[in-house]
Amino acid sequence: SKIKEVVFVKSSSRAKDCPKHDRPEFAILGRSNVGKSSLINALVRKKDVALTSKKPGKTKLINHFLVNKSWYFVDLPGYGFAKAPEAARMDWSAFTKGFFLNRDNLVTVLLLVDASVPPQRIDLDCANWLGRNNIPLTFVFTKCDKMKGGKGKRPDENLRDFKQFITENYKQHPPWIMTSSVTGLGRDELLLHMSQLRNY
Ligand code: GDP
């Protein structure tokens with residue numbers, strides 16, 4: 095399940111411009127600052143895998159990376175900042191719905207959720223939208239090393255609240271994996287999870 099090679103393929107502004115549906119793909123999605131770049135770097139074990147979604151002017155694109163010549167990582171734009179949930183929600187909807195609804199090679203969405211903050215409305219809305227549209231989903235909790243907290247709740251309490259939401263909203267809850275890019279927690283579990291899904 096190791097990642098040996100990652101090659102940028104293309105950026106697309108519309109779902110229909112994406113690469114052919116010829117390989118399994120995993121879309122990675124979450125709020126800005128959720129720890130997406132850090133997680134990808136940890137998975138690939140490189141310091142700085144260039145995420146095109148972070149480059150100015152490329153923030154609204156669907157970015158395909160080919161991994162080990164056999165499957166795609168799809169980097170989607172972060173969905174907005176906490177201060178403008180309504181605007182961000184609309185923006186995200188308009189942009190990505192087409193992608194989610196038209197990729198039959200999409201194995202699962204990796205929905206990144208920051209465990210160091212309480213559950214955020216926008217994450218719950220996103221999870222609900224994916225659920226309603228029968229799009230396979232894996233919750234990937236990030237920053238799980240922040241157990242000491244400081245202000246507010248600790249990740250274990252945030253996770254408890256988020257999991258409660260999941261169990262209330264899903265008959266069969268989607269898988270969830272706890273990760274930290276600082277300690278490496280969950281790295282192997284996530285890679286294994288993805289390789290198992292690919293082989294089904
Ligand atoms: P992105 O905007 O989603 O790509 O987020 P980044 O990967 O750039 O991370 C945003 C911030 O969170 C940075 O300051 C990171 O150092 C921090 N961060 C990311 N992952 C972790 C983690 O696992 N643990 C801790 N403690 N901080 C993290």
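Heads up, the sequence shown is in UniProt numbering, so the first residue is 95 and it goes up one at a time. Using N, Cα and C, we set each Cβ at its ideal position, and we do this for glycine too.
Out of curiosity, what's the CA-to-CA distance linking residue i and residue j?
{"i": "S210", "j": "W270", "result": "16 Å"}
{"i": "S106", "j": "Y166", "result": "14 Å"}
{"i": "H287", "j": "N127", "result": "24 Å"}
{"i": "K257", "j": "R139", "result": "29 Å"}
{"i": "L291", "j": "P118", "result": "9 Å"}
{"i": "V225", "j": "T277", "result": "Before going further, note that residue 225 is Gly rather than Val in the sequence given. Their backbone Cα atoms lie some 31 Å apart in a straight line."}
{"i": "S131", "j": "D282", "result": "17 Å"}
{"i": "R248", "j": "D169", "result": "28 Å"}
{"i": "G129", "j": "I122", "result": "11 Å"}
{"i": "S289", "j": "I97", "result": "10 Å"}
{"i": "K240", "j": "R254", "result": "15 Å"}
{"i": "N252", "j": "S95", "result": "30 Å"}
{"i": "N108", "j": "N135", "result": "In the sequence as presented, Asn is not what sits at residue 108; that position holds Arg. For R108 and N135, the distance between alpha carbons rounds to 26 Å."}
Is residue i near residue j, with beta carbons less than 8 Å apart?
{"i": "V103", "j": "L155", "result": "no"}
{"i": "T236", "j": "V207", "result": "yes"}
{"i": "L285", "j": "L137", "result": "yes"}
{"i": "H115", "j": "N199", "result": "yes"}
{"i": "G124", "j": "L205", "result": "yes"}
{"i": "P113", "j": "H158", "result": "yes"}
Could you check which residue in the options has the C-alpha nearest to that of residue i?
{"i": "V203", "options": "S275, F120, L170, G225", "result": "F120"}
{"i": "K110", "options": "W223, G129, P171, G192", "result": "G192"}
{"i": "C220", "options": "P249, N263, R197", "result": "N263"}
{"i": "V100", "options": "D116, C112, K163, N157", "result": "K163"}
{"i": "M272", "options": "P230, D250, I260", "result": "D250"}
{"i": "R215", "options": "Y173, R226, S95", "result": "Y173"}
{"i": "L218", "options": "L279, N135, F259", "result": "F259"}
{"i": "T190", "options": "L205, V201, P171", "result": "P171"}
{"i": "T261", "options": "S289, L279, I229, N222", "result": "N222"}
{"i": "N293", "options": "K240, V168, V201", "result": "V201"}
{"i": "S275", "options": "S95, V234, P212", "result": "V234"}
{"i": "H230", "options": "D239, R197, C238", "result": "Here the sequence assigns Pro to residue 230, which means His is not the residue at that position. Ranking D239, R197, C238 by Cα distance to P230 puts R197 first."}
{"i": "C238", "options": "R254, N227, N228, L279", "result": "L279"}
{"i": "N228", "options": "K240, K265, N135, D255", "result": "K265"}
Using a Cβ-based criterion (distance less than 7 Å to any ligand heavy atom), does residue i qualify as near the ligand MG?
{"i": "G124", "result": "With respect to small molecules bound, the structure shown includes the ligand GDP and not the ligand MG."}
| query | What are the complete alpha helix (DSSP H) segments, minimum 4 residues, inside the region 214-260? | reply | The qualifying runs are 215-226.
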